[in-house]
Amino acid sequence: MLLGGGQADDDQKALTEAMFILACSGEVSFLLSRPFLLTEATEHPQASLLARKQAQTGPLVTNLLHQTVQLEDDRTRDFLQLLDGTRTIDQITAEMTEKFGPTIQVGQKDRARKPAEPLLLSTRESVQRSLAMVGKLGLLIA
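Quick note: to get the numbering used here, add 7 to the position in the sequence shown (first position is 1).
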């Protein structure tokens, strides 16, 4: 038996309580296995079927970590519908260009999270930014 075992037990209890509080507050989550999600898009990006179906009816979708995510606008909801794994990034860009034009105005926020001057992006740049956002939100599947 190691000396100071009581201190180790106290430390373990404190750590367990801290992790419980963090889990209950939603700051951390525990998984039994790795989720089947990607953080970066493949050549044929695919969002989860559940998220695509939910996006058809409203801005709230469930990601692959079982969290609720709010999509920014109708354009983002339309974009998510195109991520069915059958289209290349170039095809998605072409469809977004056909629907929204060659440039897209993107709302910006300043450091204080207040509306700032909108940014004008090419559709290709907008698609790349949207793919990165969808990946960060945990909506892309492998």
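All C-beta atoms in this analysis are idealised placements derived from N, C-alpha and C, irrespective of residue type, glycine included.
With distance defined between alpha-carbon atoms, name the residue in the options nearest to residue i.
| i | options | result |
| --- | --- | --- |
| residue 86 | 58, 69, 75, 74 | 58 |
| residue 146 | 83, 21, 37, 109 | 83 |
| residue 66 | 37, 56, 81, 17 | 81 |
| residue 106 | 79, 134, 93, 148 | 134 |
| residue 60 | 97, 21, 88, 138 | 88 |
| residue 34 | 141, 15, 74, 91 | 74 |
Considering residue i, what are the terminal residues of the alpha helix (DSSP H) in which it resides?
| i | result |
| --- | --- |
| residue 61 | 56-62 |
| residue 132 | 130-143 |
| residue 119 | Run containing residue 119: none; DSSP gives neither H nor E here. |
| residue 89 | 81-89 |
| residue 101 | 96-107 |
In the DSSP assignment, the beta strand (DSSP E) including residue i goes from what residue to what residue?
| i | result |
| --- | --- |
| residue 75 | 75-77 |
| residue 46 | Where residue 46 is concerned, there is no enclosing beta strand (DSSP E), given that its DSSP letter is neither H nor E. |
| residue 69 | 67-69 |
Roughly how far, in whole angstroms, is the beta-carbon of residue i from the beta-carbon of residue j, given that I think they are within contact range, below 8 Å?
| i | j | result |
| --- | --- | --- |
| residue 55 | residue 148 | 5 Å |
| residue 93 | residue 130 | Not confirmed; about 19 Å, so no contact. |
| residue 22 | residue 76 | About 30 Å separates the two Cβ atoms, so there is no contact after all. |
Could you tell me if the beta carbon of residue i falls within a distance shorter than 6 Å of some heavy atom in the ligand MG?
| i | result |
| --- | --- |
| residue 48 | As far as ligands go, the structure on display features none, and thus does not contain the ligand MG. |
Are there three or more Cβ pairs, one per stretch, closer than 8 Å when the segment 21-32 is compared with the segment 46-53? no
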